[in-house]
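Comments concern the structure below.
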Amino acid sequence: MATETLAPAAPRNLSEGGVPPGRISDRVFRVVTLAAGLLVLVILGLIVVETAGQARSWLSAEGLGTIFSSNWDPAHHHFGALALIVGTLEVAFLALLIAVPVSVGLALFVTEVAPRPLRRYFVYAIDLLAAVPSVVFGLWAIHVLLQPLADVYSSISSATAGIPLLDTLFGSPSRSGQAVMTAGIVVGIMITPIVTAITREVFATCPASQKEAALALGATRWEMIRGSIFPHSRSGVVSAVMIGFGRAVGETIAVALVVGSNQRLSAHLFGTGDTMASIIVNEFGDATGTWRSALIGLGLVLLLLTVVIGIVARSVLGRAERRLAAVT
Amino acid sequence: MSTVTAPATTSLLQSRAASRGRRLRNHLATGLIIGSMAVTLVPLVFLVIFVVGRGGHAFGWHFLTTDIPILDREMGGGMKAAVVGTLLITGGATAMAVPLGVLGAVYLNEYGKQSRLARFIRFLSEVMTGVPSIVMGLFIYILWTLHFKSFSGFAGSLALACLMLPIVIRTSEEMLRLVPDELREGSYALGSRKVRTIRTVVLPHAAPGVISGSLLAVARAAGETAPLLFVIGIVTDTNSNLFHGPTTALSAQIFKNAISPFVGAQDRAYGAALTLILLVFVFTALARVVTTVYARRTTAAV
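Sequence lines, in order, name chains Z and R. In this text, residue positions in the first sequence follow this note's numbering: the first is 1, and each later residue adds one. In this text, residue positions in the second sequence follow this note's numbering: the first is 329, and each later residue adds one.
Printed below as a string of structure tokens:
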């Protein structure tokens, strides 16, 4: 703290002795703004400390091994988190599988393909998608997506029955349409705007000279995109994917409505499942004692996971920015 | 013979120079890129049409000002308690997060700059943006609800404020950074102290951008459900006291009614969803208007 400098030094009223008027308010204001800035640190610290404090009885009840057991059974006081961690990752990966290609396409569309005067409006439309609240997505998915998806699941499942790997992935489809895959699709739609926004910014930083050079050499638009834009944006896109991943992992309400609340460890994408965030929403109201402590512990695991993902995303983007700065 | 000039080859794509395979690949890629836009617009358009279609019946002045029926299976009724709750809770969150966020941004851009502490705070606020909203709900539950042993709208405000704070800090700092140093120097040259410079020169100049960023944060917070579920209680009675007693919110009512088997409750969920979408869109549009007006003003000035 002592290392900060009061850059552009405030001019001092030299003609008068003592403490010039306004000097105290300057100091006070500086401290007030610093306190507001430090609030972020305080809140984050409190979140970790408080959730860890509440989660302690979960960890001490069954030891650290609890996290890596797959038996979540509140009726018999078993609170293993593995199935939920795996479920969270399954949903997030499915969401990325949908969101990333679409987002790259969208970003290219609004930076390269769409007619210039219309580009703004397409960006507005994508932003509009980001503005739709999670719970509204969930509501819509329950009444519109579930039934058609259930039919699709059962037909794919019967078509792939007996084929070794596919049977594991697509077997025992849920009849209601509530499934890990459904959650993945909904979350995929929800994270598309944020991934697109970052990808778009990264693509936009590709110097026009490079693009023009590619075109001048006779490249088609696609060859220009592959030869100039993609190599330029690789780490930026990786960072966008990581940020999307973080969002997908933390997505709660829509997932809680469509995932089906089933805490068994399974690779059946068309079957019901559960994620850390959705189980907190669905069970917290009924939970007491160790059960409640376990749910808060899941919250802590979720927090740490998103923080790690966020830090990785940031460091990748930081490296990309440094490289960009070096190039330009 | 006749003057059949070749159609002007505007791009290489039409010319023979690009081989058939390359042209095909280019068209395929362009098709996929346009397709991804279509694929994105479809759920958006369907969702809006569906929510407006089903919520439109229920929605209206009556819907906003009538109490929530106690029984789910009752038809009709309104969402008064939820509308009041959402406005109060979001308002409370805004009243806390925006001033604190702007002050934090002032520290980062005017005092801390590139110091180690400022960079650390910047990093943390980025981390905080990524904290899932459900974790904020748990946090306020532990810190507030467990401590005072009662539900209140204010606890919801606290949770939403935690979500909004890093967004406000980051967008405000971006806007403060756009204020030209010449303006600050001019103010110093006239003998103003730093605090006066910030108050009368820097903040007014950055105000439109800060307001627009705050509106976006409000829009995001108004639609949040997860942070509210455990801390506000979720009742059907209207509670106009933010600081005392359980209350409810539009998002919480949608969540509760979405899984209801009764058509009446589902209709109210869609009515509430439409209300919430309108609220969020109004805030988003307002943010856009503020930015546009600001942009026009600055370009006119230059």
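Quick reminder that beta carbons are idealized off the backbone N, C-alpha and C, glycines included. All of these numbers come straight from a predicted model, not from anything done at the bench.
CB contact below 8 Å: L303 (chain Z) versus chain R: Walking along the first sequence from the start, residue 303 (chain Z) turns up at place 303. So yes, L303 (chain Z) belongs to the interface.
Residues sharing a beta bridge with W72 (chain Z), DSSP: To locate residue 72 (chain Z), count along the first sequence from 1; it is residue 72. Z:F79.
Spatial distance of I98 (chain Z) from F79 (chain Z) (CA atoms): If you number the first sequence from 1, residue 98 (chain Z) lands on position 98. If you number the first sequence from 1, residue 79 (chain Z) lands on position 79. Using only the alpha carbons, I get a separation of about 32 Å.
Test: P460 (chain R) CB closer than 8 Å to a CB of chain Z: Here residue 460 (chain R) refers to the residue found at position 132 of the second sequence. Chain Z, which has a Cβ nearer than 8 Å to the Cβ of P460 (chain R), makes this yes.
C-beta neighbour in chain R for T290 (chain Z), strict 8 Å: For the purposes of this step, residue 290 (chain Z) is taken as residue 290 along the first sequence, with counting starting at 1. T290 (chain Z) does not count as touching chain R.
DSSP-derived helix/strand/coil call for T422 (chain R): The count along the second sequence starts at 1 and reaches residue 422 (chain R) at position 94. Correct three-state label for T422 (chain R): helix.
Residues of its chain near R636 (chain R), where Cβ-Cβ distance is below 7 Å and the 5 sequence neighbours each way are ignored: There is no way to answer for residue 636 (chain R), as the model of chain R reaches only from 329 to 630.
Among Z:D151, Z:A213, Z:I189 and Z:V258, nearest to L96 (chain Z) - alpha-carbon criterion: Taking the first residue of the first sequence as position 1, residue 96 (chain Z) is located at position 96. The shortest Cα separation from L96 (chain Z) among Z:D151, Z:A213, Z:I189 and Z:V258 belongs to Z:I189.
T220 (chain Z) (DSSP reduced to helix, strand or coil): As a working note, residue 220 (chain Z) is residue 220 in the first sequence. Reduced to three states, the DSSP call for T220 (chain Z) is coil.
Residue-level contact to chain R via CB, M201 (chain Z), 8 Å cutoff: In the first sequence, the residue the question calls residue 201 (chain Z) occupies position 201. One detail in the question is off: residue 201 (chain Z) reads as Glu in this sequence, not Met. Answer no: the Cβ-Cβ gap between E201 (chain Z) and chain R never drops below 8 Å.
Neighbour flag for T499 (chain R) against chain Z, beta carbons, 8 Å: Translated into positions along the second sequence, residue 499 (chain R) becomes position 171. Look at T499 (chain R): its C-beta is not under 8 Å from any C-beta on chain Z.
Local conformation of T354 (chain Z) per DSSP, three classes: Since the displayed chain Z opens at 1 and closes at 328, residue 354 (chain Z) lies outside it and no answer follows.
Cβ contact (3+ pairs, closer than 8 Å) linking the region 568-586 of chain R and the region 381-392 of chain R: no
Chain R contact residues for W58 (chain Z), given Cβ-Cβ distances below 9 Å: Your numbering for residue 58 (chain Z) matches position 58 in the first sequence. Near W58 (chain Z) there are no residues of chain R at all, since even the closest Cβ is about 13 Å away, more than 9 Å.
Entirely enclosed beta strand (DSSP E) segments - the region 173-230 of chain Z, minimum 3 residues: none
Of the residues Z:D26, Z:I191 and Z:I229, the one placed nearest F203 (chain Z), counting alpha carbons only: Mapped onto the first sequence, residue 203 (chain Z) falls at position 203. Of the candidates Z:D26, Z:I191 and Z:I229, the one whose C-alpha sits nearest the C-alpha of F203 (chain Z) is Z:I229.
T575 (chain R), DSSP secondary structure in three states: Taking the first residue of the second sequence as position 1, residue 575 (chain R) is located at position 247. Residue state, collapsed to three classes: strand.
Min CB distance D274 (chain Z) to chain R below 8 Å: In the first sequence, the residue the question calls residue 274 (chain Z) occupies position 274. Judged by the 8 Å Cβ criterion, D274 (chain Z) is not in contact with chain R.
Cross-strand partners of G561 (chain R) (DSSP beta bridge): Here residue 561 (chain R) corresponds to residue number 233 of the second sequence, with the count starting at 1. According to DSSP, G561 (chain R) bridges with R:T575.
Contacts that A213 (chain Z) makes with chain R (C-beta to C-beta distance below 9 Å): For the purposes of this step, residue 213 (chain Z) is identified with residue 213 of the first sequence, where counting begins at 1. Chain R residues near A213 (chain Z): none, gap ~14 Å exceeds 9 Å.
Check whether V566 (chain R) and V412 (chain R) have beta carbons under 8 Å apart: On the second sequence, residue 566 (chain R) is found 238 positions in, with the first residue counted as 1. On the second sequence, residue 412 (chain R) is found 84 positions in, with the first residue counted as 1. Sequence inspection shows Thr at residue 566 (chain R); the Val mentioned does not correspond to that position. Here T566 (chain R) is near V412 (chain R), since their CB atoms are less than 8 Å apart.
Contact list for the region 582-598 of chain R against chain C, Cβ threshold 8 Å: Although the question refers to chain C, the structure presented lacks it and instead comprises the protein chains Z and R.
Nearest-angstrom Cβ-Cβ length linking I582 (chain R) and A593 (chain R), presumed shorter than 8 Å: For the purposes of this step, residue 582 (chain R) is taken as residue 254 along the second sequence, with counting starting at 1. For the purposes of this step, residue 593 (chain R) is taken as residue 265 along the second sequence, with counting starting at 1. Incorrect: roughly 10 Å between the Cβ atoms, too far for contact.
S347 (chain R) versus E112 (chain Z) - alpha carbon distance: Looking up residue 347 (chain R) in the second sequence gives position 19. Looking up residue 112 (chain Z) in the first sequence gives position 112. Taking the straight line joining both Cα atoms gives about 22 Å.
L399 (chain R) (DSSP reduced to helix, strand or coil): In the second sequence, the residue the question calls residue 399 (chain R) occupies position 71. L399 (chain R): coil per DSSP, three-state reduction.
Backbone CA spacing between A615 (chain R) and S239 (chain Z) [nearest angstrom]: The sequence position of residue 615 (chain R) within the second sequence is 287, counting from 1. The sequence position of residue 239 (chain Z) within the first sequence is 239, counting from 1. Their backbone Cα atoms lie some 27 Å apart in a straight line.
Where the alpha helix (DSSP H) through D127 (chain Z) begins and ends: Reading the first sequence from its first residue, position 127 is the one you call residue 127 (chain Z). Start and end: R119 to A131.
C-beta neighbour in chain R for S134 (chain Z), strict 8 Å: The sequence position of residue 134 (chain Z) within the first sequence is 134, counting from 1. S134 (chain Z) counts as touching chain R.
Neighbour-count burial assignment, E90 (chain Z), 16 or more Cβ in a 10 Å radius: Along the first sequence, read from residue 1 onward, the residue named residue 90 (chain Z) stands at position 90. So E90 (chain Z) counts as buried.
Cut-off 7 Å between Cβ atoms - residues of its own chain near V281 (chain Z), not counting five sequence neighbours on either side: Position 281 of the first sequence holds residue 281 (chain Z). Here the set comprises T252, I253 and A256.
Own chain partners of T619 (chain R) with C-beta closer than 8 Å, once the 5 adjacent residues on each side are dropped: In the second sequence, the residue the question calls residue 619 (chain R) occupies position 291. Around T619 (chain R): P536, G537 and S540.
Closest by C-alpha distance to S209 (chain Z), when choosing among Z:V195, Z:M224 and Z:R200: Indexing the first sequence from 1 puts residue 209 (chain Z) at position 209. The candidate whose alpha carbon is nearest that of S209 (chain Z) is Z:M224.
Residues of the region 128-155 of chain Z with Cβ closer than 8 Å to any Cβ of chain R, in chain order: Correct list: L128, L129, A131, V132, P133, S134, V135, V136, F137, G138, L139, W140, I142, H143 and V144.
Min CB distance I67 (chain Z) to chain R below 8 Å: Numbered from 1 along the first sequence, position 67 holds the residue referred to as residue 67 (chain Z). Taking Cβ atoms only, chain R never reaches closer than 8 Å to I67 (chain Z), which makes this a no.
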